[in-house]
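Residue numbers (our numbering): 1 to 266. Note that the Cβ used here is the ideal one computed from N, Cα and C, for glycine as well. This one's a predicted model, so the numbers in the text were calculated from it and none came from an experiment.
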């Protein structure tokens, strides 16, 4: 056999941590009892869809009280405006100053604005008893059922957007320096834009991935740094936390391949 130089693609594998592009914990902003659970575990929901409804008599009473105070302030403003019209004749005769006549109406207007602000704040707090989905995704486990008392620290559920997936994998410092120098020189690195994801059943995910960014620091102790790749997930096959490996085919030129049968170990 005559040995000649050739070009090959060498596969390299890295353990991957696969995560959803969006993963949030859904918690209430106010305290209350779970009045209704309008979704089921694992259900796909749309953005803005109602997930939970809480019952809070205290917040409801605050809204009613704020509405009453606002109406009272509006009534007092109308009375002050009527009083201003009545004493205009006194102003014209220089019996009282115009500033004195307008002072009472200005105070009433200020009270109306304050009452309106308190009403808006009470209505906003009450609106927090209706909990909606911040984005389209899948509902995780729901630990609290109807009748449970929840607080702002209670985890109602988690929501994941799996339209795309992030795969984090770590490379050593030598590989990083080679990648960065090649990038700075302007040479294309197609292997980083054509990543394969090997799933736990050893099958190859049908969509290829692309490196998007690199973390800022090396991990102490291991001397490695994490890359983040994005994979399309239109069929929703991948879920948050799925295990897998990244396989990258590195192109090597002008290498000599020695048949393994012609070697022996000493």
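query                                                                                                                                 : result
Where residue 233 sits in the DSSP three-state scheme                                                                                 : coil
Counted within 10 angstroms of its Cβ, other Cβ atoms place residue 240 as buried (16 or more) or exposed                             : buried
Contacts around residue 32, its chain only, beta-carbon distance under 7 Å, and the 5 residues preceding and following it disregarded : 54, 55, 56, 129 and 150
Start-to-end residues for the beta strand (DSSP E) that takes in residue 19                                                           : 5–26
Residue range of the unbroken beta strand (DSSP E) whose run includes residue 196                                                     : 196–199
Proximity below 8 Å, CB of residue 165 to CB of residue 63                                                                            : no
Where residue 212 falls: helix, strand or coil (DSSP)                                                                                 : strand
Residue span of the alpha helix (DSSP H) that contains residue 207, given as start and end                                            : Where residue 207 is concerned, there is no enclosing alpha helix (DSSP H), given that its DSSP letter is neither H nor E.
Bounding residues of the beta strand (DSSP E) (the contiguous stretch that carries residue 168)                                       : 157–172
Length of the line joining the Cα atoms of residue 76 and residue 105                                                                 : 9 Å
Buried/exposed call for residue 259, threshold 16 Cβ in 10 Å                                                                          : exposed
Continuous beta strand (DSSP E) stretch holding residue 37: start and end                                                             : 32–37
Whole-angstrom distance between residue 47 and residue 144, CA atom to CA atom                                                        : 22 Å
For residue 28 and residue 153, the rounded distance between their alpha carbons                                                      : 8 Å
Distance CB(residue 248)-CB(residue 191) smaller than 8 Å                                                                             : yes
Per-residue DSSP class, three states only, for residue 128                                                                            : coil
Test item: CB-CB of residue 5 and residue 162 under 8 Å                                                                               : no
Residue 79 - DSSP class collapsed to helix/strand/coil                                                                                : helix
Opening and closing residue of the beta strand (DSSP E) in which residue 251 lies                                                     : 243–256
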